[in-house]
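The sequence shown begins at 279 in my numbering and counts up by one. For each residue, glycine too, the CB sits at the ideal point set by N, CA and C. On a predicted model such as this, the values are computed, not experimentally measured, just so you know.
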Amino acid sequence: MADGRPRLLFVTDLTYPAKGRRYCDEDIFLTSRLRADFDLALCHPLDAAALMDGGGTDRDGTDRDGMGGGGFDAVVVRNSGPVLHHQAAYDDFRARALARGVPVCTQLTGKGDQAGKQYLVDLTAQGFPVIPTVDRPQDLGLLPEAAEYVVKPKRGADSIGLEFVPPGRLRTLAFDEGPGVLVQPRIDFRYEVSFYYVDHTFQYALHAPRPDRRWHLERYEPTAADLEFADRFIAWNDIDHGVQRVDACRAPDGRLLLVELEDLNPYLSLDLLDDATRDAFVASLTASLHRLLGRS
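As structure tokens, this is what we get:
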């Protein structure tokens, strides 16, 4: 690490038009607070690989100044938008960061959305409390009967490519086309709820009381059973450092079922928190970054 304050490359897409959310406001706020402890530079995800070494390399990896780069001590990936919009650039960034041992928040070994949606199939097979999910036509019979089914691309995000289909269309799906698709029963859930973590520590929870208004969120006070549910997926993912969001739905029978484990760039809805909770989250993230950099 260079002398003085640690330097962070903060990856965000301030112009991404998220539905019902303003990514830019959240990252402007968060960087304004992190500047108390770190020197920061913001960049678009398309530029992350090239700038990761502080200007020392071009996008093709050529060393520009012969000094080997080293301009930033760590990279923070935040509201950078769905990776599928810049898959090649993200793959390049990820490969370079892993090869060079660059500290990245969130840690790049996540088994959730970082790696696509295959984990929903795997967790279903392992008996975890998730919405039943299959990815092969021969496994459709393992799903419970439903009036409609949800079809999602394995590399999908932000509801891109999601569609609802009747049972009669399931056998016509192109399971093997491209990265493939997932199939789930459409559940008439009571509400969705999200649990937010820094490293392995729970921070707060928010829920959408109306299923048809996903991003109209309110504070939620989880029960001990709720936290046990969310903690189970955090433990399974086994990430040492970073931000994770466990998204779940309350099924008609009262159970929580996993919808998504967002471990790449989860939106945090910081604007919906009271000052004390928001300050506590910023303090937790700041402490996590210091630990990541060996400056605890």
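Query: Scan the segment 353 to 390 and note each continuous alpha helix (DSSP H) run of 4 residues or more that stays entirely inside, going in chain order.; Result: 365 to 378
Query: Since Val353 and Val382 are thought to touch, with beta carbons under 8 Å apart, how far apart are those beta carbons, to the nearest angstrom?; Result: 5 Å
Query: With a Cβ-Cβ cutoff of 8 Å, do Tyr482 and Arg523 count as a contact?; Result: no
Query: Counting Cβ pairs closer than 8 Å, one from the segment 461 to 476 and one from the segment 521 to 539, do we hit at least three?; Result: yes
Query: Would you tell me roughly how many angstroms separate the C-alpha atoms of Leu484 and Arg378, rounded to the nearest one?; Result: 37 Å
Query: State the CB to CB distance for the pair Pro457 and Arg433, rounded to an integer number of angstroms; the pair is presumed to be in contact (CB under 8 Å).; Result: 5 Å
Query: Can you tell me whether Glu506 is helix, strand or coil according to DSSP?; Result: helix
Query: I need the DSSP call for Tyr578, collapsed to helix, strand or coil.; Result: Outside the modelled stretch of the chain, which goes from 279 to 574, sits residue 578, for which no answer is possible.
Query: Is it buried or exposed for Ile465, if we count other Cβ within 10 angstroms and need 16 for buried?; Result: buried
Query: Arg372 to Gln365, Cα distance in whole Å?; Result: 10 Å
Query: Please list the segments of the beta strand (DSSP E) lying wholly inside the segment 435 to 508, counting only runs of 3 or more residues, in order along the chain.; Result: 441 to 443, 459 to 463, 470 to 476 and 479 to 486
Query: Taking all protein chains shown into account, do 16 or more other C-beta atoms lie within 10 angstroms of the C-beta of Arg449, making it buried, or fewer, making it exposed?; Result: exposed
Query: Using C-beta distances below 6 Å, list every residue in its chain close to Ile517, excluding the 5 sequence neighbours before and after it, in chain order.; Result: Gln385 and Gly388
Query: Tell me, to the nearest whole angstrom, how far the beta carbon of Asp370 is from that of Glu538; I am working on the premise that it is less than 8 Å.; Result: So it is not a contact: roughly 25 Å between Cβ atoms.
Query: So, do the segment 530 to 547 and the segment 395 to 409 have three or more beta carbon pairs nearer to each other than 8 Å?; Result: yes
Query: By Cβ distance below 7 Å, which residues in the same chain neighbour Arg283 in space, the five residues on each side in sequence not counted?; Result: Phe316 and Asp317
Query: If we count the other Cβ atoms within 10 Å of its Cβ and call it buried at 16 or more, is Arg356 buried or exposed?; Result: buried
Query: Along the alpha helix (DSSP H) that carries Ala403, what are the first and last residues, could you check?; Result: Gln396 to Ala403
Query: Could you check which residue in Leu418, His494, Tyr427 and Arg556 has the C-alpha nearest to that of Arg299?; Result: His494
Query: For Ala326 and Leu287, I'd like the C-alpha separation in whole angstroms.; Result: 8 Å
Query: If Pro444 and Glu455 are in contact, beta carbons under 8 Å, what's the gap, nearest whole angstrom?; Result: Between Glu455 and Pro444 the Cβ distance is about 20 Å, and since that is not below 8 Å, they are no contact.
Query: Reducing DSSP to helix, strand and coil, say where Pro431 ends up.; Result: strand
Query: Do the CB positions of Tyr545 and Glu304 come within less than 8 Å of each other?; Result: yes
Query: Residues in the same chain with beta-carbon distance under 8 Å from Leu505, minus the five sequence neighbours each way, listed in chain order, please.; Result: Phe473 and Phe480
Query: Suppose the cutoff is 6 Å on Cβ atoms and the five residues either side in sequence are ignored; what does the same chain contact list for Ala508 look like?; Result: Phe473 and Val524
Query: For Arg556, count the other beta carbons within 10 Å of its own beta carbon; 16 or more makes it buried, fewer makes it exposed. Which is it?; Result: buried
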